[in-house]
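Engineer: Below is the structure I would like to discuss, written out as structure tokens.
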Amino acid sequence: MANTLPIGIVLSGTAPAMTLMSGVMLAFAEYNIEFEVISTAAVGGLVGMLYLGAKGKTREEALRALPNLFVSDWLYRFIPVNFKVFHKYGPYATAFYQLRKSLPKFDIAPDDPSPLRRFANDWVDLWATMLTPPSLGTTSNGLMSHVPLIDDLVDFKLLAGHQTRFYLNAFSLYDRRLKLYDNRDNMVTADVYNGAQAMFMLFPPVKAGSDQLVTGVPPVKAGSDLLVTGASHDPTALQAIWMKERDLWGVLALEPFGKHFWRAPTDIYDAFQLMLMTPIASLQEIMFGLYGETEQLSSSLGPPAPVLPRLYMMQVLLNPDSTRMLNWSYENAVALQKIGYRMALPIAQVLDGRPDRATLESALASYRYASSLLETPSHSRPRQVLRGIFDPVFSDFERFATRINTEPQGRRINTETRPDRPSDPDQGRGRASQ
Amino acid sequence: MSATLSARASTFLGPRLGVIVSGGAPTLHLAAGALCAFQEKGLRFEAVAASGAGALPGLLYLAPAPRPGNLTADPAVALRGVVNMNIHDAIYDLIPNNFKVFFKYGPFSDPFYRLSQFIKRVVPVPDSYGPDHQRLVHDWIDFVTAAIAPTTLTYHSPSVLTRVQVINELVDWDALRASPRDFFLNTFNIETQSLQAFTKLTLTTDAFYAALAMPWLYPPTRVSTDGPRYTEGASHDPSAIETMLEDGKPTDAFAKTIGGLDALLVLDTIPPDLWTDPQSIYEALQLAIMDPIVTLAENVAALYSLQDMVFNEPPSIPKLYRLPFQFPRWEGGKLLAWSYSTARTLWDAGYDAAKKFCADLLSPSASQNQIDAKYRYFRTLVRDSREGDFLSMFGDPFKGLANIVVPPPGQPSP
Chain B
1 MANTLPIGIV LSGTAPAMTL MSGVMLAFAE YNIEFEVIST AAVGGLVGML
51 YLGAKGKTRE EALRALPNLF VSDWLYRFIP VNFKVFHKYG PYATAFYQLR
101 KSLPKFDIAP DDPSPLRRFA NDWVDLWATM LTPPSLGTTS NGLMSHVPLI
151 DDLVDFKLLA GHQTRFYLNA FSLYDRRLKL YDNRDNMVTA DVYNGAQAMF
201 MLFPPVKAGS DQLVTGVPPV KAGSDLLVTG ASHDPTALQA IWMKERDLWG
251 VLALEPFGKH FWRAPTDIYD AFQLMLMTPI ASLQEIMFGL YGETEQLSSS
301 LGPPAPVLPR LYMMQVLLNP DSTRMLNWSY ENAVALQKIG YRMALPIAQV
351 LDGRPDRATL ESALASYRYA SSLLETPSHS RPRQVLRGIF DPVFSDFERF
401 ATRINTEPQG RRINTETRPD RPSDPDQGRG RASQ
Chain U
1001 MSATLSARAS TFLGPRLGVI VSGGAPTLHL AAGALCAFQE KGLRFEAVAA
1051 SGAGALPGLL YLAPAPRPGN LTADPAVALR GVVNMNIHDA IYDLIPNNFK
1101 VFFKYGPFSD PFYRLSQFIK RVVPVPDSYG PDHQRLVHDW IDFVTAAIAP
1151 TTLTYHSPSV LTRVQVINEL VDWDALRASP RDFFLNTFNI ETQSLQAFTK
1201 LTLTTDAFYA ALAMPWLYPP TRVSTDGPRY TEGASHDPSA IETMLEDGKP
1251 TDAFAKTIGG LDALLVLDTI PPDLWTDPQS IYEALQLAIM DPIVTLAENV
1301 AALYSLQDMV FNEPPSIPKL YRLPFQFPRW EGGKLLAWSY STARTLWDAG
1351 YDAAKKFCAD LLSPSASQNQ IDAKYRYFRT LVRDSREGDF LSMFGDPFKG
1401 LANIVVPPPG QPSP
């Protein structure tokens, strides 16, 4: 059911939050909410695609099944690695992934804990993983390889034909800019998705597209690209909103996770994940803070201040032991999914009533990020940035917005690219990109 | 400061200058080269703000310790010696790891480091630019002692590396405290979830290591027994611009710290050369660390530069300048390597950039507009770039950018 006002949602890219996001989307699915825009980064892309183009399943079935990608709790205690999602580096990964699928396993409903049967299923997967011939060496450009998992989960034709605009960001190593892939014109493909997940070291960069001429006047060369995850550049997935979707009335988001990552590690594996996530969470917190404050101040000023959709944030209330958030165990996945569902349910119920503008503004007022969560102790860091280094900007935002959005007479706009920017990241290295 | 350069810098940039040394491993050598050139040319900075890997060159610039080969504690000599922290290429090609900087987890690393130092006294090597064969011998000794050092690393260890107190051999803490110039190093307090700055008066060995405690590499570190735990500040503000604000009231902070300066020179981050298809798993690891850090640094600097553009007519906050670095194209994929040749490439790029900056200031034909067009941060921004995409959040800042005539300090805009 479409909303009376155009509303979008951003699904930000932190892998451990996968089922938290699926829980959120399950609540919206339950009320048949159709968003105008779903903008995603990294694993948020998977959740968004399942909402719009699940393969052979309803969106509810597909989202509810995500905890099955996590590891049996019994097994995870001894081997705290998700070998069902992360596959050994090398050319054999895909073949052994296909082999795994053909092995006999118990059919377990996603919400059925069945510890013994889950253990048995995952034990088989573990052996398949162990038997996959390794080819990791010091010259490998990633620890793991992509397998065609996404092709089994998503119907890309269905996604392309959906009325909701879907964005997935990925960073181009050719252009050295964030690219926003959308579902129109079949731009979102399995390769693009895999590229959007390709965090350096975990996965190799992914080549997407091919060099070919596309008819048109004039003919356009649709070139290939070499992609890595966009989450290291825009983990909020808001860039698609401010660059392409300023006509939206509002955009929903999940609370950023800084406080859950900025802590002492519990073990060496936890420390490794914290090392990867700390600066990304910092970027996420600061960008949400900048966007939230900007949109709130802009909406009260009007032109020439930028027009930005309002940012509404769903609060993530984890249990006291938030260190478990990074666990890839089944139990944890289900717990996060339930939390996500509970977070989104009140908003889904509001949207279900197809409220008019005044009612919606009133109902969502307490979710407006800049005036609610941003002011809490959980987000002291973005507040420190806004009230510290950028205090002049946000203390006198009218002056700032007017000045930068007004073209002074006689001044030339600089539209060039940097002269020192090479076009090919492999230039001079004598190595073909994978 | 040399009289002429001093006068020119004062005219074009302002009388009191600060330098910003951002985080990220390649910064170490870039900044060392740049600061060495500034020191040699006589361009003086009244304050240094650093983050992460920028801390060491910043400290060597202000307060190097007297060492064999540098008994007078000359900052330029100390900064030239930074390249010695990297590994001889003949070894690095086989073992791509900097065992001279990163020490195995456990209590044995320190005594084995002392052992290698003892052995090397038999084969002395100058702090800087020594003969190649001596460098190879010394690095081989370091490698062997590092390789045979036992480790106590387990799954339950809090980090993979251990501190060895090398910094005390390089920095004269008393000289730092007595310096008339300011020093700021950022760190993240995980108890208050906020960024803090250590100053020249509060910086100690423990504080230095706390400010560089990147998760996984090192555990969160306390500066005092009951004090809060800190992690690396570069994961939160790698630009280090915010560092000069400390954590005080913004208005007071602007007036008290960076408000006392007329201009800040940011030593640039190194994209786009950084973003490449990694050639090894080790390079991929470093890219995973650097990728969001460089983005964060660029975003903060770019937005500050817009703030500079808007609120400095008349000047009220320090102006922001940027020192760009140029690399040979063929070096693009090697910038994260810890090899000696890479250290030299980065160091030379930093040195050349700073030398050129000084030459531009001294050029008889230099004008305010020319200097600003080349180095004023907001004048260097371009629409079709990663930074440009980020700044478009605030509307279309490129309407107000480019070819802006900026008045000299203290004068109103035209």
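Just so you know, the protein sequences line up as chains B and U, in that order. Residue numbering for the first sequence is 1 to 434, as defined by the numbering used here. Residue numbering for the second sequence is 1001 to 1414, as defined by the numbering used here. From the three backbone atoms N, C-alpha and C, an ideal C-beta is built for every residue, glycine too. Keep in mind the model is a prediction, meaning the values are calculated, not measured.
Determine the chain B residues that contact VAL1160 (chain U) at a beta-carbon separation under 7 Å, and present them in chain order.
Structural biologist: Numbered from its first residue, the second sequence carries residue 1160 (chain U) at position 160. By Cβ distance, chain B contributes ILE268.
Engineer: Taking the C-alpha atoms as reference points, what is the distance between ALA241 (chain B) and VAL24 (chain B)?
Structural biologist: Sequence index remark: in the first sequence, residue 241 (chain B) carries index 241 (1-based). Sequence index remark: in the first sequence, residue 24 (chain B) carries index 24 (1-based). Correcting the residue identity first, residue 241 (chain B) is Ile in this sequence and not Ala. Looking at the two C-alpha atoms, the distance is approximately 20 Å.
Engineer: Note down, in chain order, each residue of its chain lying with its Cβ closer than 7 Å to the Cβ of ILE1087 (chain U), except the 5 sequence neighbours on either side.
Structural biologist: Within the second sequence, residue 1087 (chain U) is the residue found at index 87, counting from 1. So the list reads ASN1098, LYS1100, ASP1139, TRP1338, SER1339, TYR1340, once near-sequence residues are dropped.
Engineer: Taking beta-carbon pairs under 8 Å, can you tell me which members of the segment 1197 to 1228 of chain U lie near chain B?
Structural biologist: Hits within the stretch, in order: MET1214, PRO1215, TRP1216, LEU1217, PRO1219, PRO1220.
Engineer: What whole-angstrom Cβ distance do SER1239 (chain U) and ALA1297 (chain U) have, given they're in contact under 8 Å?
Structural biologist: Position 239 of the second sequence holds residue 1239 (chain U). Position 297 of the second sequence holds residue 1297 (chain U). With a Cβ gap of about 4 Å, SER1239 (chain U) and ALA1297 (chain U) count as contacting.
Engineer: Could you tell me if LYS498 (chain B) is buried or exposed, where buried requires 16 or more neighbouring beta carbons within 10 angstroms of its beta carbon?
Structural biologist: Outside the displayed span of chain B (1 to 434) sits residue 498 (chain B), for which this structure offers no information.
Engineer: Is it buried or exposed, PRO104 (chain B), if we count other Cβ atoms within 10 angstroms and call 16 or more buried?
Structural biologist: Taking the first residue of the first sequence as 1, we reach residue 104 (chain B) at position 104. Classification of PRO104 (chain B): exposed, given that the 10 Å Cβ count is below 16.
Engineer: Using a C-beta cutoff of 8 Å, does MET275 (chain B) count as contacting chain U?
Structural biologist: Along the first sequence, one-based indexing puts residue 275 (chain B) at 275. So, interface residue.
Engineer: For ARG184 (chain B), count the other beta carbons within 10 Å of its own beta carbon; 16 or more makes it buried, fewer makes it exposed. Which is it?
Structural biologist: For the purposes of this step, residue 184 (chain B) is taken as residue 184 along the first sequence, with counting starting at 1. ARG184 (chain B) is exposed by the Cβ-count criterion.
Engineer: Hey, out of B:GLN296, B:GLN284, B:GLU293, B:GLU295, whose CA is closest to PRO1292 (chain U)'s CA?
Structural biologist: The residue given as residue 1292 (chain U) occupies position 292 in the second sequence. Nearest C-alpha to PRO1292 (chain U): B:GLN284.
Engineer: Give me, in chain order, the residues of the same chain whose beta-carbon lies closer than 8 Å to that of VAL1082 (chain U); leave out the 5 immediate sequence neighbours on both sides.
Structural biologist: Your numbering for residue 1082 (chain U) matches position 82 in the second sequence. Answer for VAL1082 (chain U): LEU1028, HIS1029, ALA1032, LEU1056, PRO1057, LEU1060, ALA1343, TRP1347, listed in chain order.
Engineer: Please list the segments of the beta strand (DSSP E) lying wholly inside the segment 1016 to 1043 of chain U, counting only runs of 3 or more residues, in order along the chain.
Structural biologist: Here the runs fully enclosed are 1017 to 1021.
Engineer: Run through the segment 1184 to 1265 of chain U for me and flag every whole alpha helix (DSSP H) of 4 or more residues, listed as ranges in chain order.
Structural biologist: If we require 4 residues or more, the alpha helix (DSSP H) runs fully inside the segment 1184 to 1265 of chain U come out as 1205 to 1211, 1250 to 1256.
Engineer: Under the three-state reduction of DSSP, which class applies to THR40 (chain B): helix, strand or coil?
Structural biologist: The count along the first sequence starts at 1 and reaches residue 40 (chain B) at position 40. In the structure shown, THR40 (chain B) sits in a strand (DSSP, three-state: E or B).
Engineer: Quick one, which of B:ILE286, B:TYR269, B:SER232, B:PRO265 has its alpha-carbon nearest GLY258 (chain B)'s?
Structural biologist: Against the first sequence, residue 258 (chain B) aligns to sequence position 258. Comparing Cα-Cα distances from GLY258 (chain B) to each of B:ILE286, B:TYR269, B:SER232, B:PRO265, the minimum goes to B:ILE286.
Engineer: Please determine, among U:ASP1093, U:SER1157, U:SER1051, U:TYR1218, the residue with the shortest C-alpha to C-alpha distance to THR266 (chain B).
Structural biologist: To locate residue 266 (chain B), count along the first sequence from 1; it is residue 266. Here the closest residue by C-alpha is U:SER1157.
Engineer: Buried or exposed, going by whether 16 or more other CB atoms sit within 10 Å of the CB of GLY45 (chain B)?
Structural biologist: Mapped onto the first sequence, residue 45 (chain B) falls at position 45. So GLY45 (chain B) ends up on the buried side.
Engineer: Which same chain residues end up closer than 8 Å to TYR341 (chain B) when comparing Cβ atoms and leaving out the 5 residues on each side of it in sequence?
Structural biologist: By 1-based counting over the first sequence, the position of residue 341 (chain B) is 341. So the list reads GLY23, VAL24, LEU26, ALA27, once near-sequence residues are dropped.
Engineer: For ASN1070 (chain U), which three-state DSSP category applies?
Structural biologist: Here residue 1070 (chain U) refers to the residue found at position 70 when the second sequence is read from its first residue. Strand at ASN1070 (chain U).
Engineer: Compare the C-beta of ASP1277 (chain U) with all C-beta atoms of chain B and state if any pair is closer than 8 Å.
Structural biologist: The count along the second sequence starts at 1 and reaches residue 1277 (chain U) at position 277. Judged by the 8 Å Cβ criterion, ASP1277 (chain U) is in contact with chain B.
Engineer: Closest Cβ-Cβ distance between LYS259 (chain B) and chain U: below 8 Å?
Structural biologist: Counted from its first residue, the first sequence places residue 259 (chain B) at position 259. Yes, LYS259 (chain B) counts as interfacial toward chain U.
Engineer: Out of U:SER1365, U:LEU1195, U:PRO1272, point me to the one whose CA is closest to LEU386 (chain B)'s CA.
Structural biologist: Within the first sequence, numbered from 1, the residue matching residue 386 (chain B) stands at position 386. Nearest of U:SER1365, U:LEU1195, U:PRO1272 to LEU386 (chain B), Cα basis: U:LEU1195.
Engineer: According to the neighbour-count rule (16 or more other Cβ atoms, all chains shown, within 10 Å of its Cβ), is LEU1093 (chain U) buried or exposed?
Structural biologist: Along the second sequence, read from residue 1 onward, the residue named residue 1093 (chain U) stands at position 93. The sequence shown places Asp at residue 1093 (chain U), rather than the Leu named in the question. It counts as exposed.
Engineer: Measuring CA to CA, which of U:ARG1229, U:ASP1277, U:MET1214 is closest to PHE1102 (chain U)?
Structural biologist: As a working note, residue 1102 (chain U) is residue 102 in the second sequence. Selected option, being the one with the closest Cα: U:MET1214.
Engineer: Let me see if you follow: with CB-CB separation under 8 Å, is SER972 (chain U) close to chain B or not?
Structural biologist: Residue 972 (chain U) falls outside the range modelled here, since chain U spans only 1001 to 1414, and no answer is possible.
Engineer: So does ILE1289 (chain U) have its beta carbon nearer than 7 Å to some heavy atom of the ligand SAM?
Structural biologist: With respect to the ligand SAM, the structure offers nothing, as it holds no ligand at all.
Engineer: Of all the CB atoms in chain U, is at least one closer than 8 Å to the CB of LEU290 (chain B)?
Structural biologist: Taking the first sequence and counting its residues from 1, one reaches residue 290 (chain B) at position 290. Yes - at least one Cβ of chain U is within 8 Å of the one on LEU290 (chain B).
Engineer: Measure the C-alpha to C-alpha separation of GLU1176 (chain U) and LEU364 (chain B) and round it to an integer number of angstroms.
Structural biologist: On the second sequence, residue 1176 (chain U) is found 176 positions in, with the first residue counted as 1. On the first sequence, residue 364 (chain B) is found 364 positions in, with the first residue counted as 1. Checking the displayed sequence, the identity of residue 1176 (chain U) turns out to be Leu instead of Glu. Each residue's Cα considered, the two are about 53 Å apart.
Engineer: Pull up the DSSP beta-bridge partners for ASP1291 (chain U), would you.
Structural biologist: By 1-based counting over the second sequence, the position of residue 1291 (chain U) is 291. None; ASP1291 (chain U) has no bridge partner.
Engineer: Please classify THR1345 (chain U) as buried or exposed, where buried requires at least 16 other C-beta atoms within 10 Å of its C-beta.
Structural biologist: For the purposes of this step, residue 1345 (chain U) is taken as residue 345 along the second sequence, with counting starting at 1. That one is buried.
Engineer: Compare the C-beta of ALA17 (chain B) with all C-beta atoms of chain U and state if any pair is closer than 8 Å.
Structural biologist: Within the first sequence, numbered from 1, the residue matching residue 17 (chain B) stands at position 17. No, because no Cβ of chain U sits closer than 8 Å to the Cβ of ALA17 (chain B).
Engineer: Should the segment 245 to 254 of chain B be regarded as contacting the segment 46 to 63 of chain B, the criterion being three or more beta carbon pairs within less than 8 Å?
Structural biologist: Contact fails: fewer than three Cβ-Cβ distances are below 8 Å.
Engineer: Here's the rule I'm using: 16 or more other beta-carbon atoms within 10 Å means buried, otherwise exposed. How should PRO218 (chain B) be labelled?
Structural biologist: Locating residue 218 (chain B) in the first sequence gives position 218, counting from the first residue. Confidence is the limiting factor: at PRO218 (chain B) the pLDDT is only 44, short of 50, which leaves the residue's position unreliable, though a coordinate-based value still follows. So PRO218 (chain B) counts as exposed.
Engineer: Would you please verify whether the beta carbon of VAL1048 (chain U) is less than 8 Å from any beta carbon of chain B?
Structural biologist: Residue mapping note: residue 1048 (chain U) aligns to position 48 of the second sequence, counting from 1. So, not an interface residue.
Engineer: Are the CB atoms of ALA1063 (chain U) and ILE1020 (chain U) nearer to each other than 8 Å?
Structural biologist: In the second sequence, residue 1063 (chain U) corresponds to position 63, counting from 1. In the second sequence, residue 1020 (chain U) corresponds to position 20, counting from 1. No, they are not a contact pair.
Engineer: Cα-Cα, which of U:ALA1146, U:ARG1135, U:SER1316, U:HIS1133 is closest to TYR1113 (chain U)?
Structural biologist: Walking along the second sequence from the start, residue 1113 (chain U) turns up at place 113. Ranking U:ALA1146, U:ARG1135, U:SER1316, U:HIS1133 by Cα distance to TYR1113 (chain U) puts U:ALA1146 first.
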